[in-house]
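Protein chains in written order, with the working numbering: chain S, 107 to 249; chain R, 107 to 249. Backbone N, C-alpha and C fix where the C-beta goes; we use that ideal spot for every residue, glycine too. Quick notes on the structure that follows.
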DNA sequence: GCATGAATGCAACCGAGTTGCACCCGTGCC
DNA sequence: GGCACGGGTGCAACTCGGTTGCATTCATGC
């Protein structure tokens, strides 16, 4: 198979779960795979527009939710209250980096540290670590 | 001084910065101090209503922003995209616990683990750790 | 070809948060 | 006492991310 093509890679990933690879799903997943950082709903809308295949915003929300439910993407909510999505497969417990200057969110490869102790009775299930600061671009631009 | 009275404690904290302790500021800070968990904007609106001293929502937003700017409160944005506020003084690097069942956010006393490694060029400034799971109330209710 | 269900598109809606502006009220000055 | 001034407050309208309801389209199995 042609794993070199982002399009076919997206189709392959979607069909791997036995689901039908509809145009919208393939397009969104392809855009997510192509994005180097996480992508917001708005970014994806714009990207779809740019390639002359505009997506309905509701369809986009539904496709994104579906991708997250399928484990093909994951979402992070930034400080600006905007959800951002990434096609990185869920490595449970990977950290994020949020740039305070440009607002972009990056997935970090590094694993997490120890989980903080929770009060008695509290049942911890997942750890969510976000590093705030400046991304390489903004550090460079500001220096 | 009467540190036993939440009201006077709030007045003292506000005036410590040389600012005027207006009714709205004292009321909001008092409500925050009285809350055992973090409080959302809506919670505070309701609490103010309950004590027959309703607050304008804009005033509340402005007072909260002011309190955060003064370092008298801090805000956390949950997965539900709602900001929650706490009067706990900023101990840089304290973690939060977000209950997936009831949505409440708690401040954890425990310190954070090691900061994940960031890619080259990235400048880390602050670490934000949130544990997801079920709070004591929800664990108890669900069992 | 046709029934069926999932996926899509459109419009209207919701809720958190913001902005603009008028008003109030305490303070300093004459 | 009257008045200008400025910070704080209240109201209304707005923005924006996201959701819901519903009709339509499309793929799929029979």
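Rank the options by C-alpha distance to the C-alpha of residue i and give the top, closest one.
| i | options | result |
| --- | --- | --- |
| residue 240(S) | 230(R), 235(R), 218(R), 119(R) | 230(R) |
| residue 148(R) | 224(R), 210(R), 215(R) | 210(R) |
| residue 137(S) | 233(S), 202(S), 155(S) | 155(S) |
| residue 111(R) | 183(R), 237(R), 139(R), 146(R) | 139(R) |
| residue 131(S) | 144(S), 166(S), 145(S), 158(S) | 166(S) |
| residue 214(R) | 228(S), 204(S), 208(S), 207(S) | 228(S) |
| residue 123(R) | 174(R), 237(R), 206(R), 248(R) | 174(R) |
| residue 186(R) | 192(R), 146(R), 178(R), 216(R) | 146(R) |
| residue 207(R) | 141(R), 143(R), 238(R) | 238(R) |
| residue 246(S) | 177(R), 212(R), 226(R) | 226(R) |
| residue 170(R) | 135(R), 114(R), 143(R) | 135(R) |
Buried or exposed: where does residue i fall if 16 or more other Cβ atoms within 10 Å of its Cβ makes it buried?
| i | result |
| --- | --- |
| residue 108(R) | Caution is warranted here: a pLDDT of 47 is assigned to residue 108(R), below 50, making its placement in the model unreliable, and no coordinate value can be reported. |
| residue 128(R) | exposed |
| residue 160(S) | exposed |
| residue 164(S) | exposed |
| residue 190(R) | buried |
| residue 232(R) | exposed |
| residue 205(R) | buried |
| residue 162(S) | exposed |
| residue 244(S) | buried |
| residue 222(R) | buried |
| residue 180(R) | buried |
| residue 193(S) | buried |
| residue 133(S) | buried |
| residue 153(S) | buried |
Which residues share a DSSP beta bridge with residue i?
| i | result |
| --- | --- |
| residue 211(S) | 204(S) |
| residue 239(S) | 205(S), 230(R) |
| residue 169(S) | Answer is none; residue 169(S) lacks a bridge partner. |
| residue 183(R) | 189(R) |
| residue 145(S) | 191(S) |
| residue 217(R) | 200(R) |
If I'm right that residue i touches residue j with Cβ under 8 angstroms, what's the distance once you round it to whole angstroms?
| i | j | result |
| --- | --- | --- |
| residue 202(R) | residue 188(R) | With 8 angstroms as the limit, residue 202(R) and residue 188(R) do not qualify as a contact, their Cβ atoms being about 13 angstroms apart. |
Could you name the residues of the segment 107-128 of chain R whose beta carbon sits closer than 8 angstroms to any beta carbon of chain S, in the order they occur along the chain? Closer than 8 angstroms at the C-beta level to chain S, one finds no residue of the segment 107-128 of chain R.
Could you name the residues of the segment 230-246 of chain S whose beta carbon sits closer than 9 angstroms to any beta carbon of chain R, in the order they occur along the chain? Listed by position, the residues of the segment 230-246 of chain S near chain R (Cβ gap below 9 angstroms) are 230, 231, 232, 233, 234, 235, 236, 237, 238, 239, 240, 241, 242, 243, 244, 245, 246.
Name, going along the chain, the residues of the segment 164-193 of chain R whose beta-carbon falls closer than 7 angstroms to a beta-carbon of chain S. Listed in sequence order: 183, 185, 187.
Which of the residues in the segment 205-224 of chain S, read from start to end, lie with their CB under 9 angstroms from any CB of chain R? Under the 9 angstroms Cβ criterion, the segment 205-224 of chain S contributes 205, 206, 212, 214, 215, 216, 217, 218, 219, 220, 221, 222, 223, 224.
Using a Cβ-Cβ cut-off of less than 9 angstroms, list which residues of the segment 139-165 of chain S approach chain R; keep chain order. Cβ contacts with chain R come from no residue of the segment 139-165 of chain S.
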